[in-house]
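Peer 1: If you scroll down you'll find the structure; I have some questions about it.
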DNA sequence: CGCAAAAGTTTGATGAGTCAAACTCTGAAA
DNA sequence: TTTCAGAGTTTGACTCATCAAACTTTTGCG
Ligand SMILES: [Mn+2]
Ligand SMILES: [Mn+2]
Ligand SMILES: [Mn+2]
Ligand SMILES: [Mn+2]
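Chains as they are written, first to last, in the working numbering: chain A, 1220 to 1439; chain B, 1220 to 1439.
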C-alpha cells in the first residue's frame, strides 16, 4: 500500500483539484498544504506519476489519475469516519479531531474501518459537515454557498465548515453556527467587511466576511 | 517522540526481558521478534543506547534503561487499550485485534487514548488477559502458571493466553478456555505429550503440552 | 515588449531504516 | 585445548523522505 507521505500528497492533490477550475494542482499550493518545500513536492510528484497515481508534466502542474483519485477518496473516507467516531463515540471536541484523524487515517485497516462504519450507523457526513464517501468510493458533491452570498434578512441553514483550524472551529461552535443550524442574516457592513448573523436561539454574532466565506450554507 | 520502528524495538525488548532471567535480550531473539536481520537490530540498538533508552555492550546483550522501560510500558498501554476497544466496542474477533493494534498503537495520541480509556471504563486487562498499565505507568505483575503445571483432576481458571497467533486464539476460543473460564484437567498423557481439559459447560478438548504451556492459569 | 517576481526544478546532502554478505567473537562439545 | 556452529558485528548499498540552495521557466505588469 501507499506510505503515509504518499497518502498525504494524494489527499492534498484531491482537495486542491476541487478548488481549482482546471482540476490541476500547483506545486507551491501542494507543497504548502503538505508542509514541505516545493523541491520536495516536485520529487514526490514524479514518484506518484511513476506509480500511475498522477499525471505530471514539467512546469505543467499535476492531476490525479483515476487510480490516484480512488486512493484519495478512500483516505477521505477513513479520515472522516475517524473524525465522526472521535466526536460521537469518544466525545472529543470537534476542534481537535482533525489533527488526530490526520495520523490515524494511515494506520486503520479496512476491517477496522468497516467495523467503525457499522458502529456509527453508516453516517453520511463528518462533524464538520463534509460528505463521507461510501465504501465503494462514491462521494456526494458537497453543495451550498458561502454565508457571504446571503443578504440581510435572508434565512438559511449551515451545511459545512470549510476550515479545520481549531480556533476558528471553537468560534463557530460558540456562535451556534454548526452544520445543520438554521440562521438569519441581521446585517452586512461592506465597508467594515463584517456581517452579523443570528443562529436560531442564539444572540447575533459579528464576523468578518473572510470568516463568513468559510461557512458554507443553503437556503432554508 | 519515538518513531514507529523505535517503539517496536522497545516493546520487543521489554517482552524479551520479562522472559529472560538476566533481564537482557539477545540480538537474535530481538531481531526475530521485530522481524529484521540481526545486523539491523545491532544498528538500531546502538541508536537506542545513544538516545539513553537502552544500555548496550558489544557482544553483551541489551537492556532497557528506566526511561526505555517507561516508554515500553506506555506502548503496551496503548496496544492493550486499543485491543480492548476493538473487541468491546467494535465487536471484532479477539484473534485479529493484535495485528490491528500493532499499527494503531503508533498513531494514537494521549488525548484519544485517555478518551478511549474513559469510554471503556478503565479496564484492567485486555482481551487476552494481559494487564493494562495505568496512565502513570504502573503495571500489575501478570501471575499464574501454565496449564502444564496442573495435574489430573485439578481445577482452575484461565488467566491469560500467552500467544497472539490468530489460529491458536481461534482454537482457544472454540475450546472455551478464554481468560476467566473455569476448567478441570481430565487427563495428562506424558508419552503422547498431550492433555485433556474441560472448560465449564464444554466438552473436553485434547491439546498438546506445547499449546497448554501458552495458556496461563491460576488455582480455583 | 521587456523584465522582475513567482513558480517550478535540479542537485547534493542528510537521517531513518533496512538488507546481504563478509567478517569476528563466544561457548560448548569433542 | 582445539574447533566450529551460532550469535553478533561491520560494511556497503539501497529506498524513502526531506531540506537548502542554485538554477530555470513562466507569468503578470509597467
Ligand atoms: Mn494524514
Ligand atoms: Mn472533517
Ligand atoms: Mn507496533
Ligand atoms: Mn493482547
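Backbone N, C-alpha and C fix where the C-beta goes; we use that ideal spot for every residue, glycine too.
(1) For residue 1231(B), which residues from the same chain have a beta carbon less than 7 Å from its beta carbon, with the 5 sequence-adjacent residues on both sides left out?
(2) With hydrogens ignored, establish whether the beta-carbon of residue 1341(A) is closer than 6 Å to any heavy atom of ligand 2.
(3) Residue 1431(A) and residue 1367(A) look like a contact to me (Cβ under 8 Å); what is the Cβ gap, rounded to whole Å?
(4) Is residue 1312(B) a contact residue of ligand 4, with contact defined as CB to any heavy atom under 6 Å?
(5) Does residue 1319(B) get closer than 7 Å to chain A when you measure Cβ to Cβ?
(6) Cα separation between residue 1338(B) and residue 1308(A)?
(7) What residue does the alpha helix (DSSP H) around residue 1263(B) start on, and which one ends it?
(8) Closer than 9 Å by beta-carbon distance: list the chain A residues that pair up with residue 1298(B), in chain order.
(9) Once DSSP output is grouped into helix, strand and coil, what is the label at residue 1329(A)?
(10) Residues of chain A with CB under 8 Å from residue 1308(B), in chain order?
(11) So with Cβ pairs under 7 Å, would you call residue 1314(B) a contact of chain A?
(12) Does the beta carbon of residue 1281(A) sit closer than 7 Å to a beta carbon anywhere in chain B?
(13) Could I get the ranges of all uninterrupted alpha helix (DSSP H) runs contained in the segment 1352-1409 of chain A, with 4 residues as the minimum, in chain order?
(14) I'd like the ranges of any beta strand (DSSP E) spanning at least 3 consecutive residues and lying wholly in the segment 1268-1340 of chain B.
(15) Shortest alpha-carbon distance to residue 1422(B) belongs to which of 1401(B), 1325(B), 1264(B)?
(16) Tell me, please, whether the segment 1329-1348 of chain B touches the segment 1375-1390 of chain B by the rule of three or more beta-carbon pairs shorter than 8 Å.
(17) Are three or more beta carbon pairs between the segment 1285-1305 of chain B and the segment 1319-1329 of chain B nearer than 8 Å?
(18) I'd like to know if residue 1239(A) contacts chain B, where contact means its C-beta is closer than 7 Å to some C-beta of that chain.
Peer 2: Checking against the coordinates, here is how it stands:
(1) Cβ neighbours of residue 1231(B) within its own chain (closer than 7 Å, five residues either side excluded): 1249, 1252, 1253.
(2) no
(3) 5 Å
(4) No, ligand 4 has no heavy atom inside 6 Å of this Cβ.
(5) yes
(6) 8 Å
(7) 1257-1269
(8) Correct list: empty, because the minimum Cβ distance to chain A is about 12 Å.
(9) helix
(10) 1308, 1338
(11) no
(12) no
(13) 1385-1394
(14) 1273-1275, 1281-1283
(15) The residue with the shortest Cα to Cα distance from residue 1422(B) is 1401(B).
(16) Yes, the segment 1329-1348 of chain B is in contact with the segment 1375-1390 of chain B.
(17) Yes: at least three Cβ pairs fall under 8 Å.
(18) no
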